[in-house]
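Have a look at the structure below, then the notes.
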Amino acid sequence: MASGTLVDTNVLLDVLTADERWLTWSMDALAEAAELGPLYINPIIYAEVSVRFTRVEDLDDALPADDYRRVPLPWAAAFLAGKAFLDYRKRRGSVSSTLPDFFIGAHAAVEDLVLLTRDATRYRSYFPTVSLIAPSSS
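Taken in order, the sequence shown gives residues 37 to 174; the numbers are from my numbering.
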């Protein structure tokens, strides 16, 4: 895959819901990342964002394929996500913690993509090779 940025669900939801705290940061970060290369989403991100929509057509309008390239989750990323999640659980991580974050981090790691997220702590811990675009307080 060509270089680019995988956009985490939280950043997309900030924009789509006009989050009072994070809207400006997320919009600016998306614009800067788009200047550097393509923006990507995978089926996990698409599914997480979909809960805000009742129709797939509305979701597709909100995430135009010309702006957000849809890419499949590589099998190697699924494997890495499982291993990272197992490590997380061994460290007594919460059962309720979402496995999707591990799929997203693993996808960025396997495809050598930058990850745009507001939730940098877990990604730094379990996917240290991934370059992050995140708020300085993350």
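Where a beta carbon is used, it is the ideal one built from N, C-alpha and C, also for glycine.
Only a predicted model underlies this, so the values are computations on that prediction, with no experimental measurement involved.
*Please determine, among Thr-53, Tyr-76, Val-85, Pro-171, the residue with the shortest C-alpha to C-alpha distance to Asp-103.*
In the sequence shown, the residue the question calls residue 103 occupies position 67. Looking at the Cα atoms, Tyr-76 is the closest of the given residues.
*Thinking Ile-140 and Ala-65 are a contact (beta carbons under 8 Å), I'd like their distance in whole angstroms, please.*
Residue numbering aside, residue 140 sits at position 104 when the sequence shown is read from its first letter. Residue numbering aside, residue 65 sits at position 29 when the sequence shown is read from its first letter. Actually they are not in contact, since the Cβ atoms of Ile-140 and Ala-65 sit about 16 Å apart, beyond 8 Å.
_Here's the rule: buried if 16 or more other CB atoms are within 10 angstroms of the residue's CB, otherwise exposed. What is Thr-153?_
Within the sequence shown, the letter at position 117 stands for residue 153. Buried: at least 16 other Cβ atoms inside 10 Å.
*asked:* Bridge partners for Thr-41 per DSSP, in chain order?
replied: Residue 41 sits at position 5 when you count from the first residue of the sequence shown. Paired residue(s): Leu-75, Val-150.
*Taking Cβ to Cβ, would you say Ala-120 is nearer than 8 Å to Phe-163?*
Residue 120 sits at position 84 when you count from the first residue of the sequence shown. Residue 163 sits at position 127 when you count from the first residue of the sequence shown. Yes, the Cβ-Cβ distance between Ala-120 and Phe-163 is below 8 Å.
_Which listed residue (Val-107, Leu-151, Pro-110, Tyr-82) has its alpha carbon closest to that of Ala-98_ = Translated into the one-based positions of the sequence shown, residue 98 becomes position 62. Ranking Val-107, Leu-151, Pro-110, Tyr-82 by Cα distance to Ala-98 puts Tyr-82 first.
_Contacting residues, own chain, Cβ-Cβ under 8 Å from Leu-135 (five flanking each side not counted)_ = As a position in the sequence shown, residue 135 is number 99, starting the count at 1. Ala-117, Phe-121, listed in sequence order.
*Where does Leu-72 land, buried or exposed, given buried means 16+ other C-beta within 10 angstroms?*
The count along the sequence shown starts at 1 and reaches residue 72 at position 36. Looking at its Cβ environment, which holds fewer than 16 other Cβ atoms inside 10 Å, Leu-72 is exposed.
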